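Protein chains in written order, with our numbering: chain A, 687 to 941; chain S, 687 to 941; chain Y, 687 to 941.
This report concerns only the one structure given below.
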């Protein structure tokens, strides 16, 4: 069994883009084991890809190779990268999709075309990232793909502002169910009791431990599976009901 | 090759939930073979999950482990279960998703946290169901996961009412193509000839053996792949054209 | 490791149709390796399936078996086929989905029901195509499935009209991003410089090598990953902005 390779993209399931990448990988390493992380990232939404990658990658065995193709700058001068942490490899564009991966030990700029297919203007997932991942899974050392770089894209995500009376944060992700994920982690809240969250004029009281603690259609605060405070709606969509989008402010008031 | 594990959920393909479950499984049993049953079940639609599971599970080899995560009550007091029939294992919440599985021989309430990840409020697919399925696939006996229970959720689906002149049933599922699947099985119809079906003011005549027996855009009755009578529209959507939703009444008149 | 089997359909991810096909295949050949090509083909859109198959199939290793189930004529007299090229096998309905596959060496009409499940009216993906593909992957010779046929569906796709001043073509596919793929290949353009493309009253100037060569929201011409001229919108959808659908005319003017 070869190493695991995961794929994360905004390709959807209509056009064969994901299938093509798998064909390219299997043609290079027939023992590769390929797993979809997600392919319904909104088109070109780098921040969403970075969030999903952050919260997903560490559930995989060591040495898994995570390939990310959310790449609106494909064909421009943006670089193609391999990143390495102690546990994982990451392959994708230098545009921020790896912004939330901690403890990067090594980064290589992919310049050796011997490991790539002929390079098109618009599909480096097929031409660069898939074949490079396949070659990594076969044991090619990283320095054969190109020179090391240290100035890869890095931007510190906005941190919540903690005060005595509360915490001001923002919504950083909205999932399929319309749950509003904030940048306020459980550790920010430790030792304090939540009176309510204020978001877009709504006041949502208390902190629940299950959606079902509120009636159907009611809003609630809960620590989500990512460890961050979420505003949700039991059996409904908080995003739709509140008309909230990513970037919206949220304020937590303590008791 | 380890045992097959299938996954059925309402997670969609945006947020990485399915990918995370696969990572958890692969981290426990690298020989597991994971197959998606479907992940586009409408959010929280337990009845749809139960229907898809009923009609899908028996096409898999014996000893396949079917994991279902349509779980609006996650984090509440609803139990986590393992069910066993002669041929298959089922893992998921005790909320009705297994309601249509016949001949359950054994049921275990998952209480042994040694086989689980730390348990969040909102994602037991990751924390409970995926790791438990992986451990089952490695051969852990069911009684190690918790005590047997016999009072798991069970509700008899509504049966059609058969009369001399016809059958009164209801629409229990609508598929991607807008086909209206009724609870009237082919065996209910045996020996009788269908004059028409009456649904939401429409009369649809006869019984076809192919969509193409009607003109494009025309309604028809057909025995679907599930063995039940469906109302369909050739190259169109009966659900959209008739504005029918699940639960709608249908009446079959015999010749 | 058995042969690779790919699946391409309009089944989406709601109803378990794809999962069922995989269960059928795994029940016949537990060593099969199944890969999704795409399942979000618009319902019944044979031309889209033919395009995706053309542009995807050749990235897979030799002897891969490509199964296509976009099949609005299921249950009618349309035949079920196996096609063979030098490198690949294809299994699916005789309705045009294989129209763009070049160099077919051999074609068999599937008539031997020993290799099929009991055949329903509406789901030959499950009853015919999946089990036949599984048996091919186990090495059953093609002539055991049925008699050879030579009159399978074949229609020459419309070619662009080349003139001295320009090329008249049409939009043959629109992808998830709203990129408008024309039937004008890069080789049609050789030695000439594009002044602009005229489509639905819009004039789009020049030829770009990256979406990012235009400002956000601006239209551009680019050679897409398929090798054909596309009209795109940087970080937007040309299809939505121009309200273009498949079949629209496009005219390229040379300098």
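Glycine included, every Cβ here is placed at the ideal spot set by N, Cα and C.
Computed from a predicted model, the values in this text were never measured in an experiment.
Distances from the CA of residue 765/S to each of 781/S, 772/S, 755/S were compared; the closest alpha carbon is that of 781/S. 7 Å or more divides the Cβ of residue 919/S from the Cβ of residue 908/S. A residue is called buried when at least 16 other Cβ atoms come within 10 angstroms of its Cβ; residue 869/A meets this threshold and is buried. In terms of Cα proximity to residue 731/A, the closest of 863/S, 851/S, 736/S, 701/S is 701/S. Within chain Y, no residue has its CB atom less than 8 Å from the CB of residue 801/S, the nearest being about 25 Å off.
The Cβ-Cβ distance between residue 751/S and residue 706/S does not fall below 7 Å. If you keep only unbroken alpha helix (DSSP H) runs of at least 4 residues inside the segment 687-718 of chain S, you get 703-714. For the C-beta of residue 851/Y, not a single chain A residue is nearer than 9 Å; the gap to the nearest is close to 25 Å.
For residue 821/A, the secondary structure class from DSSP, reduced to helix, strand or coil, is helix. Contact between the segment 919-935 of chain Y and the segment 847-863 of chain Y is established, with three or more Cβ pairs separated by less than 8 Å. The closest CA to that of residue 885/S, considering only 848/S, 849/S, 819/S, 939/S, is found on 939/S.
Around residue 761/Y, the beta-carbon contacts reaching into chain S at under 9 Å are 894, 895, 896, 897, 898, 899, 908. Judged by beta-carbon spacing, residue 807/Y lies beyond the 7 Å limit of residue 759/Y, meaning their Cβ atoms are not closer than that value.
By the beta-carbon neighbour count (other beta carbons within 10 angstroms, threshold 16), residue 887/S is exposed. For the pair residue 727/A and residue 753/A, the CB atoms are not nearer than the 7 Å cut-off. When 7 Å is used as the limit between beta carbons, residue 867/S is near no residue of chain A, the shortest such separation being about 23 Å. In the DSSP assignment, residue 776/Y falls within the unbroken beta strand (DSSP E) covering 775-779. Here DSSP, grouped into helix, strand and coil, assigns residue 759/Y to coil. For residue 724/Y, the chain A residues whose C-beta falls within less than 7 Å of its own C-beta are 699, 700, 701, 702, 705, listed in chain order. Counting C-beta atoms within 10 angstroms of its own C-beta, residue 850/A has fewer than 16 neighbours from the protein chains shown and is therefore classed as exposed. By the Cβ test, the segment 871-882 of chain A is not in contact with the segment 778-792 of chain S, since fewer than three Cβ pairs between them sit closer than 8 Å. When DSSP states are grouped into helix, strand and coil, residue 742/A belongs to the helix group. The alpha-carbon separation between residue 713/Y and residue 847/S amounts to approximately 37 Å. In the DSSP assignment, residue 882/Y falls outside any alpha helix (DSSP H) and within the unbroken beta strand (DSSP E) covering 880-885.
For residue 716/Y, the closest C-alpha among the options 933/Y, 690/Y, 810/Y, 746/Y is that of 690/Y.
The Cβ-Cβ distance between residue 794/Y and residue 832/Y falls below 7 Å. As DSSP reads the structure, residue 901/S sits in no beta bridge. Taking a Cβ-Cβ threshold of 8 Å, the residues of chain Y close to residue 747/S are 709, 712, 713, 716, in chain order.
Of all residues in the segment 757-787 of chain S, only 758, 759, 760, 761, 762, 763, 764 place a beta-carbon less than 9 Å from a beta-carbon of chain A. Pairwise C-beta distances place the segment 783-790 of chain S in contact with the segment 739-747 of chain S, as three or more of them are shorter than 8 Å. Interface annotation for the segment 834-864 of chain S against chain Y: 861, 862, 863, criterion Cβ-Cβ distance under 7 Å.
About 5 Å separates the Cβ atoms of residue 854/A and residue 937/A, confirming a contact at the 8 Å cut-off.
Below the 7 Å Cβ cutoff, chain Y contributes 921 as neighbours of residue 730/A, in chain order.
Sequence-distant Cβ neighbours of residue 748/S in its own chain, meaning closer than 8 Å and more than five residues away, are 773, 774. The Cβ atoms of residue 729/A and residue 696/A lie closer than 7 Å to each other. The residues 913, 914, in chain order, have a CB closer than 6 Å to that of residue 871/A in the same chain once the five nearest residues on each side in sequence are set aside.
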